[in-house]
Amino acid sequence: MKNRITRNWGLKLVSFLFAVVLWVIVTNINDPSTPWRVSDVPVTIRNMELITERGQICEVLDGTDRIDSVVIYAPRSIIDSLSDSNVVAIADVKDLTSLDTIPIKLSTNKYNDKLDSIKGSIDTVRLNIENKQIRSFPLKASVTGEVGDGFMVGDVSTEQNLLRVSGPESVVSRITKAQAEVDVSGFTGNIGTDTDIRLYDADGIEVSSPNLERSMTKVRVNVEILEKKTVPVSYIASGTPADGYRVTGEIESTRNSVVIAGRSKVVQNVTAIDIPEGVIDVAGAREDVTVLVDLKEYLPEGTVLAEEDFTGMVNVTVHVGQEIRRTVSKAVEDIRVVGVPAGYEAEITEPEEVCSVTLAGLEEDFAGLNLDSLEMRVDFDAWLADEEITEPESGYCRVPVSINLPEDSAVISEQVEVQLYISERE
129 MKNRITRNWG
139 LKLVSFLFAV
149 VLWVIVTNIN
159 DPSTPWRVSD
169 VPVTIRNMEL
179 ITERGQICEV
189 LDGTDRIDSV
199 VIYAPRSIID
209 SLSDSNVVAI
219 ADVKDLTSLD
229 TIPIKLSTNK
239 YNDKLDSIKG
249 SIDTVRLNIE
259 NKQIRSFPLK
269 ASVTGEVGDG
279 FMVGDVSTEQ
289 NLLRVSGPES
299 VVSRITKAQA
309 EVDVSGFTGN
319 IGTDTDIRLY
329 DADGIEVSSP
339 NLERSMTKVR
349 VNVEILEKKT
359 VPVSYIASGT
369 PADGYRVTGE
379 IESTRNSVVI
389 AGRSKVVQNV
399 TAIDIPEGVI
409 DVAGAREDVT
419 VLVDLKEYLP
429 EGTVLAEEDF
439 TGMVNVTVHV
449 GQEIRRTVSK
459 AVEDIRVVGV
469 PAGYEAEITE
479 PEEVCSVTLA
489 GLEEDFAGLN
499 LDSLEMRVDF
509 DAWLADEEIT
519 EPESGYCRVP
529 VSINLPEDSA
539 VISEQVEVQL
549 YISERE
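Here the working numbering is used: the first residue of the sequence shown is 129, the next is one more, and so on.
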């Protein structure tokens, strides 16, 4: 029996090996190893808190938390039973290298032990790890666009005034301002709207990053829209110049009108900007007086200046000139006496021949004034009224002389009196 078993052992070994090869061939023919490609496989990063607990923050670089392509080799029967959701990619922060990379471990959540191989287009997650920074920024609001004709933007405010931002130090340190913008194009009334908050660097370039966290992303912005109106400015000079000088009546200003703005109900009632007495003082002046006036101080309540390039400062010049004097003389017989009550008569007894009146004014006031054509008269009735005399009495009295200067003349006449003798008619 033993000889039968050991007889021709070489032939038997060859037969065994042939049988194994044949089994492998048959097996591969019936269930061959086949490649299978899966695209866009997400990588699950575990234990990320190990980084955040150190006060750091990380960012995945170049999209390495997704694998473009994973190729699996396995028997066809295994491949046919797998779907995309069975492919698992895990990167554990515990395996973080000194180069801030984490190796990716690929597997399937079923039949993993029956895979011939599994390989991805990348094998590490690349991180950028840096310190976390927290900063607070004042919230500012701005407007874009142009409001309707005849209107302007007034006060622009936010209902919250502080924004807290946290994120990678390299990103947060670039931020210089937090701003909310409102488009006011065509508006003629107040605006209240919720607006996105944008972050900008010193060059006005918007700063953004998926790792930035904000205490809020929107803020309520209120925009006041004001109506504009052009109104004149009225200047008044006060005080008395030095003896022998007077205000010419001419006032020059660098601005005689301004554009103001305010709520429609307020602006509609404004007709002028009045600079009150005392602001432009010419007391004791012997030459032109120039005063710097801030119009903002005299704007009606509820209004503002509406010109961007105008600060409200104006130079106002009051012209002051030296008086000159002219004398008008008339024969006493040419002076008319009027207002003598019935039954009485009046006669000028002093001066005896000529009455002279001195006129004072600026040189330009005398231009076109014919002194020879001026008349003098004595109004007895007016004198009685001034003296509160109801019944005249015969006798002497001194009564002022008036001269018929034009109504619009700035020439001043000195006070001159004549002596009248009043008597009853016989």
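Glycine included, every Cβ here is placed at the ideal spot set by N, Cα and C. Just so we're clear, the structure is a prediction, and the values are computed from it rather than from any experiment.
- For K233, the uninterrupted beta strand (DSSP E) segment begins and ends at 229 to 236.
- Secondary structure note for L224: it is in no alpha helix (DSSP H), with a DSSP letter that is neither H nor E.
- The beta-bridge partner set that DSSP reports for K247 consists of V199.
- Taking 3 residues as the minimum length, the beta strand (DSSP E) runs contained wholly in the segment 425 to 466 are 431 to 433, 441 to 450, 452 to 459, 464 to 466, in order along the chain.
- Within the segment 164 to 223, the alpha helix (DSSP H) runs of at least 4 residues that lie entirely inside it are, in chain order, 177 to 180, 204 to 208.
- Judged by DSSP secondary structure, F494 falls within the alpha helix (DSSP H) whose first and last residues are 491 to 494.
- The DSSP assignment places complete beta strand (DSSP E) segments of no fewer than 3 residues inside the segment 295 to 338 at 305 to 311, 319 to 328, in order along the chain.
- Residue burial is scored here from C-beta neighbours: P520 has at least 16 other C-beta atoms within 10 angstroms and is therefore classed as buried.
- G489 and T376 have their C-alpha atoms roughly 9 angstroms apart.
- Residue burial annotation: E355 is buried, with at least 16 other C-beta atoms found within 10 angstroms of its C-beta.
- Per DSSP, K242 lies in no beta strand (DSSP E) and is assigned neither H nor E.
- Around G248, the same chain offers I195, V198, L234 as residues with beta carbons nearer than 6 angstroms, after the five sequence neighbours per side are excluded.
- Straight-line spacing of the CA atoms in G314 and M280 works out to 10 angstroms.
- If you look at E355, you'll find it in the beta strand (DSSP E) that goes 346 to 362.
- Annotation: L512 is outside any beta strand (DSSP E); the continuous alpha helix (DSSP H) that includes it extends over 508 to 515.
- Here L255 is actually not in contact with E177; their C-beta atoms are around 14 angstroms apart, not less than 8 angstroms.
- According to the DSSP assignment, S392 belongs to the alpha helix (DSSP H) that extends over 392 to 395.
- For the options I550, F494, N443, the alpha carbon positioned closest to that of P469 is the one of I550.
- Taken through DSSP and simplified to helix, strand or coil, L499 comes out as helix.
- Closest in alpha carbon position to V398, among G367, P360, E258, A413, is P360.
- In this structure the segment 413 to 431 does not touch the segment 334 to 342; the number of beta carbon pairs closer than 8 angstroms is below three.
- Residue range 523 to 531 is occupied by the beta strand (DSSP E) that includes P528.
- Between the alpha carbons of T252 and V166 lies a gap of roughly 17 angstroms.
- Around the beta carbon of M504, a 10 Å sphere encloses 16 or more other beta carbons of the protein chains shown; the residue is thus reported as buried.
- Counted as a single uninterrupted DSSP element, the stretch harbouring N289 is not any beta strand (DSSP E), since DSSP gives it neither H nor E.
- Where Q261 is concerned, the enclosing beta strand (DSSP E) starts and stops at 252 to 272.
- Counting along the chain, the unbroken beta strand (DSSP E) around G377 starts and ends at 373 to 381.
- When the five nearest sequence neighbours on each side are left out, the beta carbons in the same chain lying within less than 6 angstroms of the beta carbon of E475 are those of Y549, in order along the chain.
- Between the segment 457 to 464 and the segment 380 to 388 there are fewer than three inter-stretch CB-CB distances shorter than 8 angstroms, so the stretches are not counted as touching.
- In this model, D220 and L189 are separated by some 16 angstroms (Cα to Cα).
- The residues R454, V456, L487, in chain order, have a CB closer than 8 angstroms to that of L499 in the same chain once the five nearest residues on each side in sequence are set aside.
- D409 is bridged by DSSP to S366.
- By the CB criterion at 8 angstroms, V349 and T316 fall outside the cutoff.
- In the structure shown, L487 falls within a strand segment according to DSSP collapsed to helix, strand and coil.
- Between I333 and the set P203, D462, R302, E309, the nearest pair of CA atoms involves R302.
- Residue pairing for Q547: DSSP places it in a beta bridge opposite E478, R526.
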